[in-house]
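*Asks:* This is the structure I want to talk about, given as structure tokens.
Protein chains: 2
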Amino acid sequence: MASGKKTPTLRSVAAAARVDVSTVSRVLNSPAGERERWAGADTVERILRAATELGYRRNPHGASLRTARSLLVGVIVPRLQDFVLATVFEGIDQAASERGYAAFVTNSLDDPAQRDARVEQLLDRRVDGLILCDARADDAVLRRLVERGVPFVLASRSSGEYAGSFADDVRGGRLAAEHLAELGYREPAVIAGPGYASTATHRVAGFRAGLDAGGLDLPAHRIVHSGFDADAGRAGVTELLESGRAPDAIFATNDFAAIGAIGALREHGLRVPDDVGVVGYNDTPLAAGLPVPLTTIRSPMLDIGRAAFGLLEDVLQGRKPSSVVFEPTLVTRDSTTRVRRRSGSPKRRKPRTRITDARSPASPRRRT
Amino acid sequence: MASGKKTPTLRSVAAAARVDVSTVSRVLNSPAGERERWAGADTVERILRAATELGYRRNPHGASLRTARSLLVGVIVPRLQDFVLATVFEGIDQAASERGYAAFVTNSLDDPAQRDARVEQLLDRRVDGLILCDARADDAVLRRLVERGVPFVLASRSSGEYAGSFADDVRGGRLAAEHLAELGYREPAVIAGPGYASTATHRVAGFRAGLDAGGLDLPAHRIVHSGFDADAGRAGVTELLESGRAPDAIFATNDFAAIGAIGALREHGLRVPDDVGVVGYNDTPLAAGLPVPLTTIRSPMLDIGRAAFGLLEDVLQGRKPSSVVFEPTLVTRDSTTRVRRRSGSPKRRKPRTRITDARSPASPRRRT
DNA sequence: CTGAAAGCGCTTACAG
DNA sequence: CTGAAAGCGCTTACAG
């Protein structure tokens, strides 16, 4: 790959240290303390020096041929453009590289054909396992992977009983509902996101349960299904407004949808939070910086990614993985407020941020 | 990797087709038309059938050992969480997989130590070449790569004369300036982004040149340096307002910074676009969906990524790559408006979007 | 047109 | 404690 002097191999190190390649291999592959089990102290010393002097770096392709392990994992996300998934991947990538693995990512775009193609490409590359961040409600791809014996875990989106690393999205939805109910909102609506994603459906289910506990209803005409982006939020609001009386609050299962919703509300002459309260999801960095800072639910995306890699490692080492579930957190900002001053003119306020229910997200629940 | 029946190898295909592995290799590696040059029609047929029946998939690690080509490319981005870079990577990934390559991405976080570490990790994985999306103004890393003979190209951010795939950021800045000047803004300011990124500095330079052409000034106290995110935009506005008279327009070198800026302006009681016009950069999907839809500069991020892979392929095949430069485009929305009704109350308007200067971004300029 | 051999860089029993 | 050999899956001169 590099021109100039050719990349040093085990053989060149062996020659320089005047030992056999097998000895070099044993020494270099032992952890620092145990090298002396494999060679005399002076031999170890010679080998180590030769290796660093030559700048030896093990060729993983050679190794993988022998060991049938590539130390490669494949990651499939719906789309890296989505901040949430980029962050989950970042967590995976961190954990993987700490453990000597490298991670491939690609986008499935939530498209079945593309998904299949990407899975095969990764398998062709001989990844040791897969982390899927685009699982679906009823997912034939997962069943086929099990049949083929491909090691994999899920992340972010759950599906059936397959093991993975998730946030408790039901609880997140519930937090949103409790917050709105407590502030006095009476007629909340939901911009629900795609029906095939557990992250969307669980949040809605939790939201409904939370409203229910607060004595509030979520009639069908206050739920719109859509995507996860700003356009979806816009379209959602339009649909809600056309279908009858305006809701007094909106829960969007994604910050971007919330932003689009706010834009559309504004166009219809509705002020946030005075006419309509808005709660988003994910606490994207943008949420705090918006013209109307956004109340939202935060979940530990980086930790979800890191834990997902840990689970895959379990699988690769023959252990049975048990799903990890992280707790979400409510972050209160200006897009929601205590109701009952519908008439007063909007007073400019200092922005306020409050974080509720900050259970340590670093110590998730384990479940079997 | 998969359990159950073991992965078929060239040897198993050869056995099934009753020929030597070398024949199988030659046939399977020839393009569809030329297979008959290497074997009799019936042999070709037997081999092909055996391969598909067994589900043979070439093991790239075995191949790479022989050929010293991994068909792997490494991509380093500042951060995948950044929509722009996620999109550039998507383009790279598309082009790579169309050409039989796979792409590794990792984040450098614009941190020198992390950058070095990531480069070495990718090289240790024996990638055939590198695409760097985090080049710096004066970049020692690039010099060292050249010395070591590592094939690489740049994308998105330029540095010196190194070949790469870019947007014309100077021109983009100029478009922003011309737009503001034409609308009658007189005292524009810039939220400039980090000084080490050409994407930031070029946009500012172009902006200055454009103002200049319109007879406008850009005094030092109207430039603030910051990052690329919403917080940076917020902080930028605060700094601008504290340093004297409010500008009547703001050019942010990034949409996210623009969004933060709008939030901060609002907190200071300034309306967009009536008190202050705002222009962003990148035409992020969010831009159109914002409460105040954002005027911004669009550049073809996906094409930039695709072209970058093409350039790297040039390098890998011994051709001299010549940089590709794509034209940006002005997208007019509500965050800028014709000035001179400073007093009137803000009237709600239908959102409007207009795209100016839509030179085909699919046919970029080439330069040597 | 097809086969047999060598070898890419590594690891791992097997000897000693 | 150390070495020699075999072999992982492939490709590529070299023969015929």
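Protein chains in written order, with the working numbering: chain P, 1 to 368; chain H, 1001 to 1368. In this text, a Cβ means the ideal position worked out from N, Cα and C, and glycines have one as well.
(1) Counting only beta-carbon atoms, is I1262(H) nearer than 8 Å to chain P?
(2) For the segment 78-89 of chain P, which residues have a beta carbon sitting closer than 7 Å to at least one beta carbon of chain H?
(3) In angstroms with no decimal places, state the Cα-to-Cα distance between T1000(H) and I1262(H).
(4) What residues from chain H crowd round D124(P), counting only those whose CB sits closer than 8 Å?
(5) Report the option in G74(P), S198(P), V146(P) and G91(P) whose CA atom is closest to the CA atom of G171(P).
(6) Determine the contact status of G164(P) and R306(P), defining contact as a CB-CB distance below 8 Å.
(7) Kindly indicate which three-state DSSP category V190(P) falls into: helix, strand or coil?
(8) Can you list, in chain order, the residues of its chain with a C-beta nearer than 8 Å to that of G195(P)? Leave out the 5 residues immediately preceding and following it.
(9) Sort S322(P), V276(P) and R58(P) by Cα distance to D1124(H) and report the nearest one.
(10) Is A39(P) helix, strand or coil by DSSP?
(11) Give the straight-line distance between the Cα atoms of G1214(H) and V1331(H), rounded to the nearest whole angstrom.
(12) A1039(H): which of V1019(H), R1099(H) and D1303(H) sits nearest, CA to CA?
(13) With burial defined as no fewer than 16 other Cβ atoms inside 10 Å of the residue's Cβ, what is the status of E147(P): buried or exposed?
(14) Whole-angstrom Cβ separation of A1230(H) and P285(P), contact assumed at under 8 Å?
(15) So which of R266(P), R115(P) and N29(P) has the shortest CA-CA distance to V75(P)?
(16) Distance cutoff 8 Å, beta carbons only. Does V204(P) sit that close to anything in chain H?
(17) When burial is assigned at 16 or more other CB atoms within 10 Å of the CB, is Q1393(H) buried or exposed?
(18) If we cut at 8 Å on Cβ distances, does V237(P) have a partner in chain H?
(19) Output yes if chain P places a C-beta closer than 8 Å to the C-beta of N1107(H); else output no.
(20) Report back the beta-carbon spacing between G289(P) and G1233(H) to the nearest angstrom; my notes put them in contact at under 8 Å.
(21) Have a look at Y56(P), S97(P) and A68(P) and flag the residue whose alpha-carbon is nearest the alpha-carbon of H1061(H).
(22) Going by other Cβ atoms of all chains shown within 10 Å of its Cβ, with 16 needed for buried, is A300(P) buried or exposed?
(23) Kindly list the residues whose CB is nearer than 7 Å to the CB of S1012(H), restricted to its own chain and excluding five residues on each side of it in sequence; keep chain order.
(24) Taking only the alpha-carbon atoms, compute the straight-line gap between G100(P) and R1126(H) and give it to the nearest angstrom.
(25) Within 8 Å (strictly less), CB to CB, does Q121(P) reach chain H?
(26) Is it right to say P1293(H) is buried, meaning 16 or more other beta carbons lie within 10 angstroms of its own, or is it exposed?
(27) Taking C-alpha atoms, which residue in V190(P), A249(P) and F228(P) lies nearest to H221(P)?
(28) For R1157(H), which option in D1093(H), D1248(H), F1326(H) and L1240(H) has the closest C-alpha, if you only look at C-alpha atoms?
(29) Just verifying my parser: in three-state terms, what is the DSSP assignment at R1079(H)?
(30) Just grab the DSSP bridge partners of G1277(H) for me.
(31) Please determine whether the Cβ atom of V1073(H) lies at a distance below 7 Å from any heavy atom of the ligand GDP.
(32) Roughly how many angstroms separate the alpha carbons of A1051(H) and L145(P), rounded to a whole number?
(33) In the DSSP assignment, find the alpha helix (DSSP H) that holds L154(P) and state where it starts and stops.
(34) My guess is that D1093(H) and A1103(H) are in contact by the Cβ rule of under 8 Å, so how many angstroms apart are they, rounded?
(35) Beta carbon of A964(H), beta carbon of A1258(H): below 8 Å?
*Replies:* Reading it off the structure:
(1) Within the second sequence, the letter at position 262 stands for residue 1262(H). With 8 Å as the cut-off, I1262(H) counts as an interface residue toward chain P.
(2) L80, Q81, F83, A86, T87 and F89
(3) Since the displayed chain H opens at 1001 and closes at 1368, residue 1000(H) lies outside it and no answer follows.
(4) On the first sequence, position 124 is the one that residue 124(P) refers to. Result: R1057, R1058 and P1060.
(5) Translated into positions along the first sequence, residue 171(P) becomes position 171. The residue you asked about is not Gly; residue 171(P) is Arg in the sequence shown. Out of G74(P), S198(P), V146(P) and G91(P), S198(P) has the C-alpha closest to the C-alpha of R171(P).
(6) Reading the first sequence from its first residue, position 164 is the one you call residue 164(P). Reading the first sequence from its first residue, position 306 is the one you call residue 306(P). No, the pair does not count as a contact, with Cβ atoms beyond the cut-off.
(7) As a working mapping, residue 190(P) is identified with position 190 in the first sequence. In this structure, V190(P) counts as strand in the three-state DSSP scheme.
(8) Numbered from its first residue, the first sequence carries residue 195(P) at position 195. For G195(P), where only same-chain residues beyond five positions count, the Cβ hits under 8 Å are A137, T201 and H225.
(9) The sequence position of residue 1124(H) within the second sequence is 124, counting from 1. For D1124(H), the nearest C-alpha among the options comes from R58(P).
(10) Position 39 of the first sequence, counted from the start, is the residue given in the question as residue 39(P). Coil at A39(P), not helix or strand.
(11) In the second sequence, the residue the question calls residue 1214(H) occupies position 214. In the second sequence, the residue the question calls residue 1331(H) occupies position 331. So the alpha carbons of these two residues sit roughly 20 Å apart.
(12) Start at 1 with the first residue of the second sequence, and residue 1039(H) comes out as number 39. Nearest C-alpha to A1039(H): V1019(H).
(13) Position 147 of the first sequence holds residue 147(P). E147(P) comes out exposed.
(14) In the second sequence, counting from the first residue as 1, residue 1230(H) sits at position 230. In the first sequence, counting from the first residue as 1, residue 285(P) sits at position 285. About 6 Å; that satisfies the 8 Å criterion.
(15) As a first step, residue 75(P) is located in the first sequence; it is residue number 75 there, counting from the start. When each option's Cα is compared against that of V75(P), the closest is R115(P).
(16) Within the first sequence, residue 204(P) is the residue found at index 204, counting from 1. Not an interface residue.
(17) Lying before the first or after the last residue shown, residue 1393(H) is absent from chain H, which here runs from 1001 to 1368.
(18) As a working mapping, residue 237(P) is identified with position 237 in the first sequence. No, V237(P) lies away from the interface with chain H (no Cβ there is under 8 Å from its Cβ).
(19) Translated into the one-based positions of the second sequence, residue 1107(H) becomes position 107. Judged by the 8 Å Cβ criterion, N1107(H) is in contact with chain P.
(20) Here residue 289(P) refers to the residue found at position 289 when the first sequence is read from its first residue. Here residue 1233(H) refers to the residue found at position 233 when the second sequence is read from its first residue. Sure, about 7 Å apart at Cβ, within 8 Å.
(21) By one-based count along the second sequence, residue 1061(H) stands at place 61. Closest by alpha carbon: A68(P).
(22) The residue labelled residue 300(P) in the question sits at position 300 within the first sequence. Looking at the sequence provided, one finds Pro at residue 300(P) rather than Ala. That one is buried.
(23) The sequence position of residue 1012(H) within the second sequence is 12, counting from 1. Closer than 7 Å at Cβ, skipping near neighbours: L1054.
(24) To locate residue 100(P), count along the first sequence from 1; it is residue 100. To locate residue 1126(H), count along the second sequence from 1; it is residue 126. When rounded, the distance between both Cα atoms is 14 Å.
(25) Here residue 121(P) corresponds to residue number 121 of the first sequence, with the count starting at 1. Closer than 8 Å to some Cβ of chain H, the Cβ of Q121(P) qualifies, so yes.
(26) What you label residue 1293(H) is simply residue 293 of the second sequence in a count that begins at 1. Label assigned to P1293(H): buried.
(27) By one-based count along the first sequence, residue 221(P) stands at place 221. H221(P) has its Cα closest to that of V190(P), out of V190(P), A249(P) and F228(P).
(28) As a working mapping, residue 1157(H) is identified with position 157 in the second sequence. Cα-wise, what sits closest to R1157(H) is F1326(H).
(29) Sequence index remark: in the second sequence, residue 1079(H) carries index 79 (1-based). It is coil, neither helix nor strand.
(30) Counting from 1 along the second sequence, the entry for residue 1277(H) is found at position 277. Beta-bridge analysis with DSSP links G1277(H) to A1249(H).
(31) Among the ligands in the structure shown, none appear at all, so the ligand GDP cannot be discussed.
(32) Along the second sequence, one-based indexing puts residue 1051(H) at 51. Along the first sequence, one-based indexing puts residue 145(P) at 145. L145(P) has its alpha-carbon roughly 21 Å from the corresponding atom of A1051(H).
(33) Taking the first sequence and counting its residues from 1, one reaches residue 154(P) at position 154. Element bounds for L154(P): not the alpha helix (DSSP H) but the beta strand (DSSP E), F152 to A155.
(34) Here residue 1093(H) is taken as the residue at index 93 of the second sequence, counted from 1. Here residue 1103(H) is taken as the residue at index 103 of the second sequence, counted from 1. With 8 Å as the limit, D1093(H) and A1103(H) qualify as a contact, their Cβ atoms being about 5 Å apart.
(35) No answer is possible for residue 964(H): it lies beyond the span of chain H, which begins at 1001 and ends at 1368.
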